[in-house]
Amino acid sequence: AARGLKPWIGVSPSPIAAPRPGSSTPIEMSISDISDMMDIWREAALRSVDAGFDICEIHGAHGYLIHQFLSPLANKRLDAYGGDLKGRMRFALEVTETVRAVWPQDRPLFFRCSATDGPGDHWAIDDTIVLSRELRDRGVDVITCSSGGIAGPINTEIVPRVPGYHVA
């Protein structure tokens, strides 16, 4: 790094570096860090209400933090936020509950997810269906589907970007 400064280090559910050359190993979040993150999400949603936004979208795709908790590739936790699908979904569902609690009921709440991610069905459409049902039960109005972020598209053939390419 320039002038001896250390590079920025992120946080994640597990200390696993992204599969890209030069990626740093993130710091594993503690339960206290996770609780603090809920406060951050609550504050962000409240600021969005104050700013007059009509729609709120929780971004849980593309390798960002929520997606990292969902993915068995990035989440190797042995506590209630890891392990099986239910455990890996817990962070996303708690963020959703936190946001929905302060987001006006008459305004839609969206959730963006990587509906599939990479080869080997590490996160597959069946997982997204389970997640979507849980999100619906917590007040999410719209699921916006994307793909990739942790295992793809870097490791998979690039999908042609034509209208409707995520529909299937």
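Read the sequence shown against the working numbering and you will find it ends at 196, with the numbers running on by one and no gaps. Glycine included, each C-beta is placed from N, C-alpha and C at the ideal position.
Do Arg118 and Val168 have their C-beta atoms closer together than 9 Å?
no
With a threshold of 8 Å, are at least 3 pairs of Cβ atoms found where one atom belongs to the stretch 81-89 and the other to the stretch 125-143?
yes
From the DSSP secondary-structure annotation, give me the bridge partner or partners of Thr144.
Ser175
Helix or strand or just coil, what does DSSP make of Phe138?
strand
Nearest to Gly110 (by Cα), restricted to the options Leu121, Phe97, Arg75, Gly80:
Here the closest residue by C-alpha is Phe97.
Between the CA atoms of Glu162 and His95 - distance to the nearest angstrom
Straight through space, the alpha carbons of Glu162 and His95 are spaced by roughly 15 Å.
C-beta atoms of Ile68 and Ser52 nearer than 9 Å:
Contact: no.
Which term fits Gly88, buried or exposed, when burial requires 16 or more other beta carbons within 10 angstroms of its beta carbon?
buried
Would you mind working out which of Asp154, Pro43, Trp131 sits nearest Cys141, comparing C-alpha positions?
Asp154
For Ala73, does the count of other Cβ atoms within 10 angstroms reach 16, so buried, or fall short, so exposed?
buried
Using the C-alpha atoms, what's the distance from Arg116 back to Ala108?
Taking C-alpha positions only, Ala108 is separated from Arg116 by approximately 8 Å.
Contacting residues, own chain, Cβ-Cβ under 7 Å from His150 (five flanking each side not counted):
Ser99, Pro100, Leu101, Ala179
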